[in-house]
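Structure record follows, encoded as structure tokens.
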Amino acid sequence: MRLKISLPFVFLLWLVTNLAYAAVEVTDDSGQLVHLAKPAQRIISLSPHLTENLFATGAGDLIVGTVEYSDYPAAAKQIPLIGGYNQLDIEGILALEPDLILAWHSGNPLAQVERLAGLGIPVYYSEPRSLAGVSHELRQLGRLTGREATAEQAAQAFDAGAEKLKKRYAQQREVRVFYQVWEQPLITLNGEHLISEGLSLCGGVNVFADLKQLVPVISREAVLEQDPEVIMGGGIKEGEGEKDPAWLIHWQKFTAMQAVKANKLYFIPPSLVQRPTPRFLEGTQIMCDKLQQARNH
Amino acid sequence: MPFKLLPRLLVLFCLSLLILVLGLLLGSVNLPLEAIVSVLSGQGAPLHKMLILELRLPRVLAAFATGGLLAVAGALMQVLLRNPLADPYILGLSGGAAVAALLTMLAGLGVFWVSSAAFTGALLSTFLVFGLAYGSGQSSATRLLLTGVVVASGWGALISFILATSQAQQLPGMLYWLMGDLSHAPNPLIPWVVLLVVLCLLIPLGRTLNVLARGALQAAALGVSVQKVELLIFGLAALLTAIAVTLAGSIGFVGLIVPHLMRMLFGYDQRILLPASALAGGSLLVLADTLARIIIAPQQLPVGVITAMLGVPVFLLLLYRSNR
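Those sequence lines, one after another, are chains P and Z.
Taking UniProt numbering, the leading residue of the first sequence gets 1, the next gets one more, and so forth.
Taking UniProt numbering, the leading residue of the second sequence gets 1, the next gets one more, and so forth.
Following this line, the structure appears as structure tokens:
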């Protein structure tokens, strides 16, 4: 039998494949234009937060390689590793034949990423620093992978969740908060940090919002001088529970502070707030609950 | 005893006291002198009390002890190795402490464990170097120096390995430890006691040290049992350094430069050089730590950054003037 291929059919086929694999152009967080001939099919994610966001947009199955500590959701743990976020295995990445690399601008070694870009692999730099940045990233990832619909859903759910929290706590009394990121050295964050934005959503005021550095090392004296109403922070170790984390014990002896006197020291699970992903809202919800607890105390 | 140098030593002592008071006065919150007086006499506002008694006094005392320990240890190492480039860390002691401390940080353990590990690591490294250098019986300063330097490079490689493979959020803590940081120094009582006891022990030995500094052969010819004295010096220097490292991480520069500085001002007699080094080392570190606390307050710098910035110009100036 002779296979008949009509011209209109060929045209239709061409049209269909081109619609499905339309060229993609998005601007990344470093301001560079990322151009893909077709939506990405083999993605390398160079940061745990990017892996998490890809899964949130329903494109987790496209990741062929990622970095250590990509531990959420559980399926992410099955993805082959290509090094740590700060130490990339260039050969391992090339061997996976990716058609898109998602890089973390402030975390990855730029020289190594630039090298990969120089080899012709498209690189998208991510640096979400705000709540709006998270939903923006979800939408961008949707465009890059051709999964716009699920990504849009995820982004809208995130925006709606943030809006809900904002509405609920907008009328509440403001609470002055010291947020402790790390114990030794003593590290906090300024007003431009995502966590600080989450705090203000709950009606919390970061006492060190005006510092210039994003995550500054500060003196204990400065905290005493600010005398915040609430002290919040994560544990030193992942999975360390609310049960007397080390940083909490350190504050106990400063009994003249109002936060210590009224025992308003709260533990925030670091895994929920340290990544700019949809899970950040869960962490924000916990911060809001603690602040409410402090108000009612 | 060179009594004519005692007035100079007295001036240094008064200067040290002044710097200690300065360290109490300055910080992210500036206190008036009356506040300190009233707190020290048992009164004062709760905030001032907390600032001075809980934070500044322990920290200033810890800084002074650390500086003093390092400077004396450095002076001893320079006598022991008869090498002007010797410092307390040259035999790999801080490297051993650092590896142990970073490993406990990697495991996520608290401040107490980090300090204990640092002390253990320092002693372990000391025994390792000692065993390798003296194990075969005969030894010399050169052999000890070489062993120490090579062991130190080994520790250095391990430190780089730990830094390269650890998580991002743990890095600031590790780097601060490596640069030297006094914000979590434990109770300074033991370091002070050790410093004073060791000084009291060494000053009567001063003549022997003076002879030894001129060379092992001359010392032996003059009837010094070189091996024994060297062992004692090595052990004491290691103990002093281990305690300093436990207090504040590896603070560089003080142990190398302060003894040289004091030699320019006080000459070569160890009986006056050692106490002078203790005072000057302590003062330098208190001054550096105070600056580290206030330069970009409320933000903090690691004290190690400031020590060198203060010490280098002073040292170069003195070196330049002593040459003319």
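Every residue, glycine too, gets a C-beta built ideally from N, C-alpha and C.
Query raised in the report: Can you find a C-beta in chain Z that's less than 8 Å from the C-beta of Phe254(P)?
Result: Interface residue, yes.
Requested in this report: Would you kindly check if the distance between the Cβ of Arg82(Z) and the Cβ of Ala141(Z) is under 8 Å?
Outcome: It is a contact, given that the beta carbons lie within the stated cut-off.
**Report entry** CA-to-CA distance, Asp89(P) to Ala95(P), given in whole angstroms
**Finding:** Within the model, the alpha-carbon separation for Ala95(P) versus Asp89(P) is close to 10 Å.
Requested in this report: Using a cut-off of 7 Å between C-beta atoms, extract the partners of Glu221(P) located in chain Z.
Outcome: Result: Gly27, Ser28, Val29, Leu51 and Leu55.
Query raised in the report: Which whole-angstrom value describes the C-beta separation of His49(P) and Pro276(P), a residue pair presumed to lie in contact below a C-beta threshold of 8 Å?
Result: 5 Å between Cβ atoms; contact.
Query raised in the report: By Cβ distance below 6 Å, which residues in the same chain neighbour Ala152(Z) in space, the five residues on each side in sequence not counted?
Result: Excluding sequence neighbours, Ala152(Z) sits near Gly92 and Gly95.
Query raised in the report: Excluding five sequence neighbours on each side, which residues of the same chain lie with their C-beta closer than 8 Å to the C-beta of Leu31(Z)?
Result: Here Leu31(Z) has Leu24, Leu25, His48, Leu51 and Ile52 as same chain residues with Cβ atoms under 8 Å from its own Cβ, once five neighbours each way along the sequence are excluded.
Requested in this report: Take every Cβ of the segment 135–145 of chain P, pair it with every Cβ of the segment 47–65 of chain P, and state whether three or more of those distances are shorter than 8 Å.
Outcome: The segment 135–145 of chain P makes contact with the segment 47–65 of chain P, as at least three CB pairs between them are under 8 Å.
Query raised in the report: Got a sec: is the Cβ-Cβ distance from Trp251(P) to anything in chain Z below 8 Å?
Result: With a threshold of 8 Å between beta carbons, Trp251(P) makes no contact with chain Z.
Query raised in the report: Applying the criterion that 16 or more other CB atoms from any shown protein chain within 10 Å of the CB defines a buried residue, is Phe161(Z) buried or exposed?
Result: Its Cβ having fewer than 16 others within 10 Å, Phe161(Z) is exposed.
Requested in this report: Say whether the segment 272–292 of chain Z touches the segment 54–66 of chain Z, bearing in mind that this needs 3 or more beta-carbon pairs closer than 8 Å, one atom from each stretch.
Outcome: Short answer: they touch.
Report task. Go ahead and pull the three-state DSSP assignment for Phe267(P). Result -> In the displayed model, Phe267(P) falls within a strand according to three-state DSSP.
Report task. Please work out which residues of its chain come closer than 8 Å, Cβ to Cβ, to Leu9(Z), disregarding the five sequence neighbours upstream and downstream, and give them in chain order. Result -> Contacts found: Phe266, Ile272, Pro275, Ala276 and Leu279.
Query raised in the report: With C-beta atoms as the reference, is Ala73(Z) less than 8 Å away from Ala237(Z)?
Result: Yes; because the gap between Cβ atoms is below 8 Å, this pair is in contact.
Report task. Quick one: give me the first and last residue of the alpha helix (DSSP H) that His260(Z) is part of. Result -> Val254 to Phe266 is the extent of the alpha helix (DSSP H) around His260(Z).
Report task. Give the interface partners of Glu225(P) over in chain Z, defined as CB-CB distance under 7 Å, in chain order. Result -> For Glu225(P), the residues of chain Z that pass the 7 Å Cβ criterion are Ser28 and Val29, in the order they occur in the chain.
**Report entry** Unbroken stretches of the alpha helix (DSSP H), 4 residues or longer, contained in the segment 36–60 of chain P
**Finding:** The qualifying runs are 48–56.
Requested in this report: Given a cut-off of 8 Å, decide if Val134(P) and Ile195(P) are closer than it, judged by their beta-carbon atoms.
Outcome: Their beta carbons are not under 8 Å apart, which means Ile195(P) does not touch Val134(P) by this criterion.
Query raised in the report: Any beta-carbon of chain Z closer than 8 Å to the one on Trp182(P)?
Result: Yes, Trp182(P) counts as interfacial toward chain Z.
Query raised in the report: Whose CA, out of Met232(P), Tyr266(P), Pro98(P) and Trp182(P), lies closest to the CA of Ala117(P)?
Result: For the residues Met232(P), Tyr266(P), Pro98(P) and Trp182(P), the minimum Cα distance to Ala117(P) belongs to Pro98(P).
Requested in this report: Using the Cα positions of Glu230(Z) and Val305(Z), report the straight-line distance between them to the nearest angstrom.
Outcome: Distance between the alpha carbons of Glu230(Z) and Val305(Z): 33 Å.
Query raised in the report: How is Met174(Z) classed by DSSP in three states: helix, strand or coil?
Result: Three-state result, Met174(Z): helix.
Query raised in the report: So what's Arg176(P) in DSSP terms, helix, strand or just coil?
Result: In the structure shown, the three-state DSSP call for Arg176(P) is strand.
Query raised in the report: Does the Cβ of residue 401(Z) have 16 or more other Cβ atoms within 10 Å, making it buried, or fewer, making it exposed?
Result: Here chain Z has residues from 1 to 324 only, and residue 401(Z) is not among them.
Query - Assigned secondary structure, Gln299(Z) (DSSP; H/G/I helix, E/B strand, else coil) - result: Gln299(Z) falls in the strand class under three-state DSSP.
**Report entry** Distance between Pro185(P) and residue 329(Z) (C-alpha atoms, nearest Å)
**Finding:** Chain Z is shown only over 1 to 324; residue 329(Z) falls outside these bounds and no answer can be derived.
Query raised in the report: In three-state DSSP terms, what is Ala103(P)?
Result: Ala103(P): strand per DSSP, three-state reduction.
Requested in this report: Indicate whether at least one CB of chain Z lies closer than 8 Å to the CB of Ile187(P).
Outcome: Answer yes: the Cβ-Cβ gap between Ile187(P) and chain Z drops below 8 Å somewhere.
Requested in this report: Examine chain P for any beta-carbon lying closer than 8 Å to the beta-carbon of Val184(Z), and answer yes or no.
Outcome: Checking the sequence shown, residue 184(Z) turns out to be His, not Val. In terms of beta-carbon proximity, His184(Z) lines the interface with chain P, with at least one pair separated by less than 8 Å.
Query raised in the report: So which of Leu201(P), Gly203(P), Val223(P) and Val24(P) has the shortest CA-CA distance to Leu211(P)?
Result: Nearest option by C-alpha distance: Val223(P).
Requested in this report: May I ask you to list, following chain order, the residues of the segment 32–51 of chain Z that have a beta carbon less than 7 Å from some beta carbon of chain P?
Outcome: Under the 7 Å Cβ criterion, the segment 32–51 of chain Z contributes Pro46, Leu47, Met50 and Leu51.
Query raised in the report: For Pro188(Z) versus Ser115(Z), is the C-beta distance shorter than 8 Å?
Result: No. Outside cutoff.
Query raised in the report: Just curious, the beta strand (DSSP E) that Ser70(P) is in, first and last residue?
Result: First-last for Ser70(P): undefined, no H or E at that position.
**Report entry** Chain-ordered chain P contacts of Gly173(Z) [CB-CB under 7 Å]
**Finding:** Neighbours of Gly173(Z) on chain P, chain order: Trp182, Gln184 and Pro185.
Query raised in the report: Among the residues of its own chain, which have a CB less than 8 Å from the CB of Asn86(P), if the five just before and after it don't count?
Result: Gly107, Asn108 and Pro109.
Query - Cβ-based neighbour list, Leu209(Z), same chain, cut-off 6 Å, excluding 5 preceding and 5 following - result: Within the same chain, Leu209(Z) has close Cβ partners Val79 and Gln270.
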